[in-house]
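Read through the structure below, which is laid out as C-alpha cells, and then see the notes.
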Amino acid sequence: IAPVRFDREKVLRVKPQDEKQANVIKDLAKANQLDFWYPDATYHVAANMTVDFRVSEKESQLIQSALDQNKVHYEILMHDVQEEVKKQFDVKED
Amino acid sequence: FPGRHSYAKYNNWDKIVAWTEKMVRKNPKMVSRIKIGTTAENNPLYVLKIGEKDERRKAIFMDCGIHAREWISPAFCQWFVHQATKTYGKNKIMTKLLDRMNFYVLPVFNVDGYIWSWTQNRMWKKNRSKNQNSNCVGTDLNRNFNVSWNSFPYTKDPCEETYRGPAPESEKETKAVTDFIRSHLKSIKAYITFHSYSQMLLFPYVYTSELPPNYEDLAKIAKVGINVLSIPYETNYTSGPTASTIYPTSGSSVDWAYSLGIKHAFAFGLGDKGKFGFLLPESQIKSTCKETMLAVTFIAKHILKHSS
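Written out as C-alpha cells, the structure reads:
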C-alpha cells in the first residue's frame, strides 16, 4: 500500500468565543473528516478552548468559508502538512 | 542491518530494537531487556530495566509512545536510557538514583501503531488491532485501561480516534503493561507516561474532577518539576490534575496506575504547543529531552526521598 500523503492539507487553529461557535465546529466535524489534534475528539470542543485540527485540501475551502460565514476566527497553523512531514527530518545523519 | 541509531533523530522500530540490544551489550551490569509480551501484530514489547538486579529496590516505571504519532515521546525514552547509563558514575544525582533505585523504561508502548506511522500514515494514533463488525482499525490504548472504562459514551465507536476497545485491557499491549506493573507493584513507586503536544505535566484524576487524596503532594511535585524544566530554555509548561487542566475522559493509564496504588503517577505532554504539533522537527529533540530530563530527575529524587 502506498503511504498516505498529506499534500496541501491544512492544520487550523480555532478559538470558539461562545457555545454557538463551538457548535459550528462540532457541526463541521459531523459533515467532514477532521483530524482533531487538540482536543482529541469533537466531544471536548467548548467555548474559549483552543482547537487544532487537520483537514484535507478538498475540505479546507469549505471549512474556512463556513468559519468565515459564522464569524469564527481561525488561524492556519500549517498550509501543507506534507511539507511539515518532510521538514521534521531536519537533522542530517552524522 | 537497520541503519544507524541517533539520539538527535527519530528512529524507526528496527533501529530501536537494535538500540535496545546495544544498550544491554554495552551496559551488561546496569541494563537488562525484558520482553513483557507481544503486540496484536506479534511484535515484541520490550522494557529496559536500568539498575541492579535487586527487585526489592524502589522503582519507577516509565512508558513512551502510547500514541503512535507522538514521535518525540519514544525519542525521550531513548534519551533517558542513554543519559542514565552515560552519566552513571559521573553525575552525582544520577549515580545516587541508580545506586538506590531501578527504572523500568518501555521505549515504545504502541509498537504496531508506531511502525504504521513510519511506513503508512504519519498521523496514525491508535494501535493496529482489528475490530469486530467494523472496517475501522485500532484502539486508543490510553482509553483501554480498567479505570472508569465504561463511563464516557463517545469512545464506543471503533472509527473514532479515541475508541476505547471492546473491553478494558482488551488490547495485548495494554494487558502486557498492566500485567507487568501488577507483578512489580511492590517495588514500583511512581508511574510516568510521556505524550506530546501540550507542554503539560499532569496527574490524576482525568475521569473525575475530584482531587486525589495526595493532591497537594502531586501538585507540589508537578509545580517544582515544571519550574526545573523551564530552566535551560525557559519553556513554559502548565501543571495540574488532568480533568480540570485539559478535559475529563476515561480509561487512562495514569488514573489506572494511581487506582492500583501507585500514588505518584504523572503524564508529560512534551513540546511543542502547536506550531509543529506532532511534527516536531528533529532539531528540537535534544533541547526537549534535556529539559524533560531535569523534571524527571527531580521527580525521581523526590520518590527516592519521600516514598515508603
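Taken in order, these protein sequences are the chains called A and B.
The opening position of the first sequence corresponds to residue 568 in our numbering, with each subsequent residue numbered one higher.
The opening position of the second sequence corresponds to residue -2 in our numbering, with each subsequent residue numbered one higher.
Where a beta carbon is used, it is the ideal one built from N, C-alpha and C, also for glycine.
What you are looking at is a predicted structure, and each value in this text was computed from that prediction instead of being measured.
Per DSSP, His181 (chain B) lies in no alpha helix (DSSP H) segment and is marked neither H nor E.
Not a single C-beta of chain A is nearer than 8 Å to the C-beta of Gln75 (chain B). Chain order gives no chain B residues near Pro583 (chain A), where near means a beta carbon separation below 8 Å; the closest approach is about 14 Å.
Contact note: Asp602 (chain A) reaches chain B through Met120, using a C-beta cutoff of 7 Å and chain order. Here Arg575 (chain A) has Glu624, Asp647 as same chain residues with Cβ atoms under 6 Å from its own Cβ, once five neighbours each way along the sequence are excluded. Chain B has a Cβ within less than 8 Å of the Cβ of Phe656 (chain A).
The Cβ atoms of Arg161 (chain B) and Asn141 (chain B) lie closer than 8 Å to each other. DSSP places Ile13 (chain B) within a helical segment (H, G or I) once states are collapsed to three. For Ala173 (chain B), the secondary structure class from DSSP, reduced to helix, strand or coil, is helix. Per the coordinates, the alpha-carbon of Glu49 (chain B) lies some 38 Å from the alpha-carbon of Arg119 (chain B). Along the stretch 585 to 616 of chain A, the positions whose C-beta sits under 9 Å from a C-beta of chain B are Asp602, Phe603, Trp604, Tyr605, Pro606, Asp607, Ala608, Thr609, Tyr610, His611, Ala613, Met616, read in chain order. Taking each of B:Lys89, B:His303, B:Ser280, B:Leu226 in turn and checking the Cα distance to Thr289 (chain B), the smallest one comes out for B:Leu226. Under the Cβ distance rule, Lys287 (chain B) does not count among the residues neighbouring chain A, no pair being separated by less than 8 Å. Looking from the CA of Val203 (chain B), the closest CA among B:Ala254, B:Trp10, B:Lys169 belongs to B:Ala254.
From the listed residues B:Met91, B:Phe273, B:Cys61, the smallest Cα separation to Thr171 (chain B) is found for B:Cys61. Per the Cβ contact rule, the stretch 251 to 268 of chain B is in contact with the stretch 182 to 194 of chain B (3 or more Cβ pairs under 8 Å).
One alpha carbon belongs to His192 (chain B), the other to Leu138 (chain B), and they sit about 12 Å apart. Between the alpha carbons of Glu626 (chain A) and Thr152 (chain B) lies a gap of roughly 25 Å.
Under the 8 Å criterion on CB atoms, Asp619 (chain A) is classed as interfacial with respect to chain B.
In terms of CA proximity to Asn615 (chain A), A:Val581 leads the group A:Val581, A:Val652, A:Lys597.
Using a Cβ-Cβ cut-off of 8 Å, Leu644 (chain A) counts as an interface residue toward chain B, since at least one Cβ of chain B sits closer than that to its own. When C-beta distances to chain A are compared with 9 Å, the residues of the stretch 235 to 250 of chain B below that value are Ile243, Tyr244, Pro245, Thr246, in chain order. Under a criterion of Cβ atoms nearer than 7 Å, the residues of chain A adjacent to Tyr151 (chain B) are, in order, Ala608, Tyr610. Leaving aside the five residues that flank Asn107 (chain B) on each side, the residues in its chain whose CB is nearer than 7 Å to its CB run, in chain order, Gly62, Ile63, His64, Ala65, Asn124, Leu138, Glu170.
When C-beta atoms of the stretch 588 to 597 of chain A are compared with those of the stretch 625 to 644 of chain A, three or more pairs fall below 8 Å, so the two segments count as touching. Fewer than three pairs of CB atoms, one per stretch, sit closer than 8 Å, so the stretch 20 to 38 of chain B makes no contact with the stretch 231 to 238 of chain B. DSSP assignment within the stretch 182 to 222 of chain B yields the following whole beta strand (DSSP E) runs of 3 residues or more, N-terminal first: 185 to 193, 197 to 200. Taking Ser70 (chain B) as the centre and dropping the five residues before and after it, the same chain places the C-beta of Cys61, Gly62, Phe191, His192, Ser193, Leu267 closer than 7 Å to its C-beta, in chain order. Interface with chain A (8 Å Cβ-Cβ cutoff): Gly258 (chain B) is excluded. Any Cβ of chain B closer than 8 Å to the Cβ of Val639 (chain A) would place that residue at the interface, and such an atom is absent. The C-beta distance from Ile33 (chain B) to Thr294 (chain B) rounds to 25 Å, too long to fall under 8 Å, and the pair is not in contact. For Leu45 (chain B), there are no neighbours in chain A by C-beta distance under 7 Å, as the nearest C-beta there is about 23 Å away.
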